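**Student:** Chains U and X are the protein sequences, given in the same order. Taking the numbering used here, I'd label the letters of the first sequence as residues 2 to 454. Taking the numbering used here, I'd label the letters of the second sequence as residues 20 to 1044. Where is the CB? At the ideal position from N, CA and C, for every residue including glycine. In this text the structure is predicted, and so the values were computed from the model without any measurement. Structure in structure tokens, see below.
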Amino acid sequence: MKLLNTFSKSALILSCTALLWGAGCDIIKIKDRPDPNNTELATVLNNPNKADLNTLVGGTVSGLRTDINLWYIDCGMIGREMYRFLASEPRNTGDLLGKENSQLDPGSFYTTRPWSAYYTNIRMTNILIQSSGTSEALSTEELNGILGFAKTIQAYEYLQALDLTNDNGIRAQVGNDINSVGDPLSKSEGFDLVVSLLEDGASDLGNAGNSFFFSLPSGFSGFNTPAGFLQFNRALRARVAAYMQDWQTTLDALNASFIDEGGDLKTGVYHDFTTNPNDQTNPVFADPDAGSGDSWVAHPSFVADAEAGDNRIAEKVKLRTTTASLDGLSSDYGLSVYGSQTTPIPIIRNAELILLRAEALINRNTGTDLSDATDRLNIIRNAAGLTDYGGPQTQAALIDEMLNQRRYELFFEGHRWIDMRRYNRLDQLPIDRPGDNVWVSFPIPEQENLGQQ
Amino acid sequence: MELRYRSLLFSCLLFLISQTAMAQFTVTGTVFDQKTGDVLIGANIYHADSNKGTTTDANGKFTLQLPGQNATLRISYIGYITRNVQVNSTASNDIRIALTSDVANLEEVVVTGLASTVKRSNLANSVASVSADQLLGTSPAQTLSGDLYGKIPGAEISANSGAPGGGISVRLRGVTSINGASQPLYIVDGVYYNDDAINNGSNQVTAAAAAGSSAKQEDPVNRIADLNPEDIQSIEILKGASAAAIYGARASGGVVIIQTKRGAPGAPQFSFSQRIGLTTISNKLGTRQFDADKAEAAFGPTGRTLYEEAAASNRFLDYEDLMYGQNGLLSKSTLSTSFGNENTSLFVSGSLQDDEGIIKTTGYEKQSIRANLDHQFSSKLDVAVSSNYVHSKSRRGLFNNDNSGTTFGVAMTATPNFIDLRPDASGNYPDHPFNSSNQLQTRDLFSNGESVNRITTSVQANYKIFQNEASYLQFRFTGGIDFFSQNNKLIFPSILQFERISGSPGTLIETTTDNLNTNTSAILVHTWIPSKNVTLTSQGGFTTFNNDQNSILSVANNVLGTQTNIDQAIELTVDQTKIFQRDRGFFAQEELNYKDTYILTGGLRADKSDRNGNVDKYYFYPKASLAWNISNENFWNVKAIENLKFRVAYGQTGNLSNFGAKFTALTPSNIAGLGGILIDDTRGVANLKPERQTEIEAGFDASLSSGAASVELTVYQKSITDMLLQRELEPSTGFQFESFNSGKMWNRGIEVSLDLLPVNTSNLRWNSTLNFWRNRSKVTDLPVPPFDLEAGGFSTTLGNYRIEQGQSATQIVGSDPEVDNNGNLVYRDANGNVVPEGQGSLSIITKKLGDGEPDFQMSWNNDFKIAKSLTFNFLLHWKQGGDNLNLTQLLFDLNGTTHDYDDQDLKIADFRLQAAGITSDATNAQKRLALLGISASQFVQDASYLRLREIGLYYDLPVSAISALGNTVRRIRIGASATNLFTITNYDSYDPEVSNFGNQPISRGVEVTPYPSSKQYYLHLNIDF
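As structure tokens, this is what we get:
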């Protein structure tokens, strides 16, 4: 009709468009959608089920490896065990070795990244503790199991931080509030915290029944039950006691650990690495013969100071085809401690426990302790193809020998610097270039805003 | 009543039609420039009533058949003031129409509001516009952002590197945000055009983000590069909140409104243009000259051996030439056509671009096709559809920072001229003796390709609801879709030096990103003229914006043979990231125009978004402005000044938070088959809101009646509150970062634009434009301790951008020895007390060492039209001040290969020499290396430059030559031009314009071995037929 005609085509087109537009999209209302890319924290904090807790445990164990290469670079370089040559990162051979006037920078990656990694994992353990406490799916034993696990790992992470910042102390983390900052702790307060966590963890593990409800990866095999994990806890306790020079506790803890003087020196708890999706590969594995600009090489003194016949040299370093050099340093030996990108890295192993027993005996020095200690040192020496210890049976000489065996047995496992430091022998470490320094403590990261010297 | 109205309209229509059927007459005439008498080719003659039009031919003549007995013709031509001319059937032959030059661009129509336009002479803001001619008229750049250099006062446009294919930052009026977006919002024909820069995943191999900075350093391209500059008709830039308020929460960085070319009624007109060119490196640095002792000192005994080998046969290679010495061929062909009838017109264009880079295996190709359709359905409804498909491929090499020795640039720093990295006759490359990669091998065997397919379509419909003499109501609907699919593929074959020794040789990195933007707006515009002198324009409406992006990054290691599919490998990791955004907004604006003398505007926008903590909350952004055309006042009698306008404008816009900032996420982890979740380093914040920018701008425009000069001056203050700050948390909380809103900052600046016509005779027309602009920023309130930007450097030892209360937002800080009031070094003991030298250690503190903000920028553009057919133009750009962090030089020094390593001309302040324990006769590199750890001042370098951005000479073939080819050819133009012809600077690296961290709101100018910049020479041919 006329009306329809005059109701112009235009208006018709327009109304159709409007209809389409209106029908096609959520015009005015906006939905508040959750994060499409990840799990949100709120969803796991309150009454998590066992599957949620399993994933948190998996995350915590994985998190032990975050930026772990920096631990080995920090300890290894300052301890004069190795050099990490990287042409694009001058601070490795600069700051870490105290070249000329450089200092350890509280804002640089070698200070900040390890610290952040440890505290992120401490947060994971606190989330575990907080959330499993609210979970209605756990029995008492299961709850104790996960608490024992979390507290042991938390103690270990605090210990890692304390090993680096040393005299500067560490900082506590407020367990149940992600928004608060904790109090700074002095070195001794830090050690006290580590000890109390290990002890609480041990008592939880003692009441955790026969098995954990959660899984642990193969690096924990042999230690993935409450009883086994307790042995791991005691091993760590022994290490801490030795650092605190509490020799009796060291020996007692070792007795409850997995120490096995007749067993494989390599038995222990390890970080795993695979090439699976989302997994990490061993970050300190590299071709020993790589070009100078990006290479991991042994400090020349490691080979120069070795006893003839020590088969650990061939195992742990490899003669390069060309000398590696950077920034006034050089070495002919590449690191080959880890043979592939999936080689596990030990957290703590039998060899260290045997050496700790020897150390505790030497320092306690009562009755037959010195000769008992020599027997343990000989276990290590013999395994390395060396004859028995033939030096003087004095405490001073045995300390030298014990430190020497630790140097070669635990090479590039993050011990040398700490060992020489706790025996006040940092001035015995070699200085390669005039003006270089051996650092005693890392600064607390400047982002902690604690104001330091 | 309605029916009567309709029938009245109907009968009017009938009457008109009948009139048309009965009478007609033909009008012919010539259009010419009033001052010079030259004919104007291509001037538009338009008859509104019958909707007929035509353009003048090569002789400036036109013919038009008109209905009835008389008519009003509208004559217009770009750069001239439009005129209405009455013609009637009795005097319709050979009419001569004179047009006057519009130096002040008074006639130009500028978009304000979302659906209204205003004449420039009535505009209350300083809105910059760039016409098609200004965009491409002198010498082209590879992508759009490069065509804008020096043409927009107040804009800091800067390329991130010399890599082909784009990657250029546009910052309007200083610092818009610290952590939020800072690039402007681009609107192309009504579509919100996505300008994201998507990373290619190369960090998996380069490990650039693994040490001092965890920010991405992959030199991505931001997607505005896809737009074809040849399609653009005009660009308007709204520089700040006072102009852009009406765009709401996405407009803090300004708004760039782009209109593409549209068809014109008439017979098909074609335009073909072809350019071919050559690109070559702008600036080579040179390298150190060695002798056997120096070679050994820098590289050990191997160095001596290799040096002696080279010296024996005098085989010293120029690696800059081997790597960067390709003279790349450039080519772009464009064919476009425009045709139509009274109701429909169409513009179609196609373009093929193929540019090589200065490095073999790099380059950029783009194919683009566009179709713009305008159709008038009826007198009430017209619809414009714009549609564009672009496919581009860019290959940008591998540059910028790395922690693995794999990028070309870092490898170059480890390369002295006495080694030989070239392949042998069988194509085998030697290993680099001093680096983990051989850059020639990497360049030749690896590939880094980015391929983008993009479709952009918009529909704009205008419906005139009613119209009478006093009022006019129209409804405008715009819908736009912008979809792109980007694929980045990096192939590192297992034969590469660093791949062979890795545990899993061969790496394939593939990122596939799909992005869809849709936006709609529905607006009512009412124009009401209640009396002769008053016009009121009201508009109100609703807009929506949706964005969905899905990006999948796959990394394959331990690749099978030479395969390149991502599943042909032993290890595969996959990472998926999704982003979404929903914005909704209402707005209303009222404009009052009294006699074109007082123009008052007020408006309000309300926006909500799912980027905010509360998705239902509306945030309000007001605007207000006043323009006073003094020259239109009755009392104005200064004849010499044609136009004098004062203007003041105020507005607020928002800036939304980055995606994910409100979530506390646990990310997936995997250890030996045990899956898990691990907290991320960022603590989420539930009450996030947008930043707020408030801008006040004031200025004046003036132009002389003679047309000889016009000036525009603007001062502005941009204040930003509720800044999105990402504070660094104490890492002992388990988190490192958290976003929150707080803090205040301002930018203040001045923009001056002087447009002159010094010479305007028939043989020479010289138009000169001088732009000057300057911006200063300051952080006035910062509720957190000063923090270093993650993407602003690597630590205070090497220099870093730091946000600190009371300081410029772009300050650069770094270590430096402490000095007392007498200028002497300070020594402190372990407790921090000042002690004499020898009793303590040197005190090294963090100081402000420089600032990234330039002191000012100037551009000077000159157009010469000589003897009517020759055009010569050039554009000079001067940036004075503004510091860079030159870390490229540091890498050269550490490797012993810097070109000035052994020179002794570097001036260092005495106190620094003393602190480092060196004397002033040490070599340059000795000084710089000794200062490492003592001071970062040697890295903070002045990046001032004077650059000849564009220069071109064009010749229009004379009419006689053209007519020999037949009647169809209207114009043939040939020309030669050069882009970035020369740069005068003291900066000691490839280009003072650089950014290792890409498009950053604040921290530009940090450089770590970038892709070097190049200059281009072109020959042009343009045929209109």
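(1) Check the Cβ of threonine 323 (chain U) against every Cβ in chain X and list those closer than 8 angstroms, keeping chain order.
(2) So, is the C-beta of alanine 664 (chain X) closer than 7 angstroms to a C-beta in chain U?
(3) Does the Cβ of glutamine 671 (chain X) have 16 or more other Cβ atoms within 10 Å, making it buried, or fewer, making it exposed?
(4) Can you name, in chain order, every residue of its own chain whose Cβ lies under 6 angstroms from the Cβ of glycine 790 (chain X), other than the five neighbours on each side?
(5) Would glutamate 328 (chain X) be called buried (16 or more neighbouring beta carbons within 10 Å of its own) or exposed?
(6) Please classify glycine 285 (chain X): does DSSP put it in a helix, a strand, or coil?
(7) Is DSSP giving alanine 203 (chain U) helix, strand or coil here?
(8) So for aspartate 168 (chain U), helix, strand or coil by DSSP?
(9) Does any residue of chain U have a CB that is nearer than 7 angstroms to the CB of leucine 392 (chain X)?
(10) Could one say the Cβ of aspartate 421 (chain X) lies closer than 7 angstroms to chain U's Cβ atoms, at least one of them?
(11) Counting only beta-carbon atoms, is serine 455 (chain X) nearer than 7 angstroms to chain U?
(12) For a contact defined as C-beta to C-beta under 7 angstroms, what are the partners of valine 634 (chain X) on chain U?
(13) Along the segment 216-234 of chain X, where does the CB come closer than 8 angstroms to a CB of chain U? Name the residues.
(14) Take aspartate 401 (chain U) as the anchor and find which of U:Asn450, U:Leu378, U:Thr388 and U:Thr56 has the nearest alpha-carbon.
(15) Does tyrosine 244 (chain U) come within less than 7 angstroms of chain X when only Cβ atoms are used?
(16) Among the candidates X:Asp1010, X:Ser688 and X:Ser738, whose CA atom is the shortest distance from the CA of glutamine 712 (chain X)?
(17) Which stretch, first to last residue, makes up the alpha helix (DSSP H) that contains tyrosine 338 (chain X)?
(18) Hey, asparagine 38 (chain U) and lysine 597 (chain X) are a contact pair by Cβ (cut 8 angstroms); roughly how many whole angstroms apart?
(19) To which residues does DSSP link glutamine 223 (chain X) through a beta bridge?
(20) Using a beta-carbon distance below 7 angstroms, is phenylalanine 110 (chain U) in contact with chain X?
(21) Run through the DSSP bridge pairs and tell me what lysine 170 (chain X) is partnered with.
(22) Going by the CB atoms, is the gap between methionine 83 (chain U) and leucine 336 (chain U) shorter than 7 angstroms?
(23) Quick check: what's the CA-CA separation for serine 355 (chain X) versus serine 253 (chain X)?
(24) Quick check on glycine 25 (chain U): buried or exposed, where buried means 16 or more other Cβ atoms within 10 Å of its Cβ?
(25) Please confirm whether phenylalanine 682 (chain X) has its beta-carbon closer than 7 angstroms to some beta-carbon of chain U.
(26) What residues from chain X crowd round isoleucine 45 (chain U), counting only those whose CB sits closer than 9 angstroms?
(27) Can you give me the Cβ contacts of arginine 389 (chain X) inside the same chain, cut-off strictly under 6 angstroms, excluding the 5 residues immediately before and after it?
(28) With C-beta atoms as the reference, is glutamine 448 (chain U) less than 7 angstroms away from proline 750 (chain X)?
(29) Classify asparagine 360 (chain X) as buried or exposed, calling it buried when 16 or more other Cβ atoms lie within 10 Å of its own Cβ.
(30) Cutting at 8 angstroms between CB atoms, please list the residues of its own chain near aspartate 912 (chain X), excluding the five before and the five after it.
(31) Name the two residues that bound the continuous alpha helix (DSSP H) containing serine 302 (chain U).
(32) Quick one: using the 10 Å Cβ neighbour count with 16 as the cut-off for buried, is glutamate 339 (chain X) buried or exposed?
(33) Quick one: what's got a C-beta closer than 6 angstroms to serine 271 (chain X)'s C-beta in the same chain, skipping five residues either side?
(34) Glycine 64 (chain U): beta carbon under 6 angstroms from a heavy atom of the ligand NAD?
(35) Is it a yes or a no for the segment 142-161 of chain U touching the segment 708-724 of chain X, going by three-plus beta-carbon pairs under 8 angstroms?
(36) Cα separation between serine 261 (chain X) and alanine 607 (chain X)?
**Tutor:** According to the structure shown:
(1) The answer, in chain order, is Thr321 and Pro452.
(2) Per the sequence shown, the amino acid found at residue 664 (chain X) is lysine instead of alanine. Judged by the 7 angstroms Cβ criterion, lysine 664 (chain X) is not in contact with chain U.
(3) By the neighbour-count criterion, in which 16 or more other beta carbons inside 10 Å mark a residue as buried, glutamine 671 (chain X) falls on the buried side.
(4) The sequence shown places asparagine at residue 790 (chain X), rather than the glycine named in the question. Here the set comprises Pro172, Ser772 and Ser878.
(5) The C-beta of glutamate 328 (chain X) has fewer than 16 other C-beta atoms within 10 Å across all chains shown, which makes the residue exposed.
(6) strand
(7) helix
(8) helix
(9) no
(10) Chain U, which has a Cβ nearer than 7 angstroms to the Cβ of aspartate 421 (chain X), makes this yes.
(11) Yes, contact with chain U.
(12) Ile31 and Asp33
(13) Ala230 and Gly231
(14) U:Leu378
(15) no
(16) Closest in C-alpha terms to glutamine 712 (chain X), from the list X:Asp1010, X:Ser688 and X:Ser738, comes X:Ser738.
(17) 338-343 is the span of the alpha helix (DSSP H), which, as asked, contains tyrosine 338 (chain X).
(18) By a beta-carbon distance limit of 8 angstroms, asparagine 38 (chain U) contacts lysine 597 (chain X). Their separation comes to about 6 angstroms.
(19) Beta-bridge pairing links glutamine 223 (chain X) to no other residue.
(20) yes
(21) For lysine 170 (chain X), which the question treats as bridged, DSSP gives no partner whatsoever.
(22) yes
(23) 17 angstroms
(24) Model confidence at glycine 25 (chain U) stands at a pLDDT of 49, short of 50, so the residue's coordinates are unreliable; what they give is reported in the following sentence. Looking at its Cβ environment, which holds fewer than 16 other Cβ atoms inside 10 Å, glycine 25 (chain U) is exposed.
(25) Closer than 7 angstroms to some Cβ of chain U, the Cβ of phenylalanine 682 (chain X) qualifies, so yes.
(26) According to the sequence provided, residue 45 (chain U) is valine. The question's isoleucine does not apply to it. Chain X residues near valine 45 (chain U): Leu685 and Ile696.
(27) Asp250, Ser368 and Asn407
(28) yes
(29) So asparagine 360 (chain X) counts as exposed.
(30) Tyr920, Ala944, Arg947 and Leu948
(31) 301-305
(32) buried
(33) Thr195, Thr672, Asn674 and Gln712
(34) The ligand NAD is not part of this structure, which contains no ligands at all.
(35) no
(36) Rounded to the nearest angstrom, the two C-alpha atoms are 15 angstroms apart.
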